[in-house]
Structure formats: structure tokens, C-alpha cells
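Here's the structure, in C-alpha cells; my notes come after.
Numbering (the numbering used here), first residue to last: 3 to 133.
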């Protein structure tokens, strides 16, 4: 049974693996960090956040300083679907940001119908103002 975790990640509870939600590619053990199964590319902060001020004149240009910040993009190795982007100090290992209790998930989903697609919340309706 698949459990939809994020827009980019599923967990296959039967095989206990992370999967790409776009192509179902196996990304590794669900009891570990999903990022180990993804391709990672480090991006220069100035490429993502264009400097607003002249770099010749100013030390601070509103772009993150590459000496203090690195940007990592994580993509599925099969289809290239972007799964995560994180901002970290240089030298910091990838964050272990999703750690789920797989046994508890299995127990919760044991009696449920399998889902074939992620369930989204209700459509947002505009607020009506009364005076």
C-alpha cells in the first residue's frame, strides 16, 4: 500500500521504500533518509536569488552569501522530478527532515482502503464579507 507523504514523495508500506510520486521510482529504505536516493545538485545562491544591488559597490546585495549559505536541489534519478530544496551552511550534511514511524503507519493503514492518488483538501472558497 502507498502512502502519499509530500507532493514529491510516497512510501510503499508493503516494501518499506520511499518512492518518487511522479514515476514511482524506488528511492531507498523508508526507515532512512529519502535524500540518499535522490540526485543532488548544489546551486550558487546568486543564480537563484539575483543580486539586487551592484556587486562591485556593495558587499551585501540581497543574494545569500555563498560563504554562509549553500542551496541543494534534490531530484528523482529516474525522471528528474524536483523533490526538495534546502538551504544549509557550507559543510552541513543534508537534513534528515522526514522520519516516520513505519510500524505505526502500517497499523493505521491496515484497515483503510488504498489510495490511488493524493487526497487534497476542499477547494478554497473566497471569504464573504458581511457589513
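For every residue, glycine included, the Cβ atom is placed at its ideal position computed from N, Cα and C. In this text, all values refer to a predicted model and were calculated from it rather than measured experimentally.
- Of the candidates 54, 30, 107, 51, 30 places its Cα closest to the Cα of residue 41.
- At a Cβ-Cβ threshold of 9 Å, residue 74 and residue 43 count as neighbours.
- Per DSSP, reduced to three states, the secondary structure at residue 48 is helical.
- For residue 104, the enclosing alpha helix (DSSP H) begins and ends at 104 to 111.
- Residue 97 and residue 109 have their C-alpha atoms roughly 27 Å apart.
- Taken atom to atom, the span from the alpha-carbon of residue 39 to that of residue 63 is near 35 Å.
- According to DSSP, residue pairing for residue 22 in a beta bridge involves 11.
- Residue range 72 to 77 is occupied by the beta strand (DSSP E) that includes residue 73.
- By the neighbour-count definition (other C-beta atoms within 10 Å, threshold 16), residue 4 is a buried residue.
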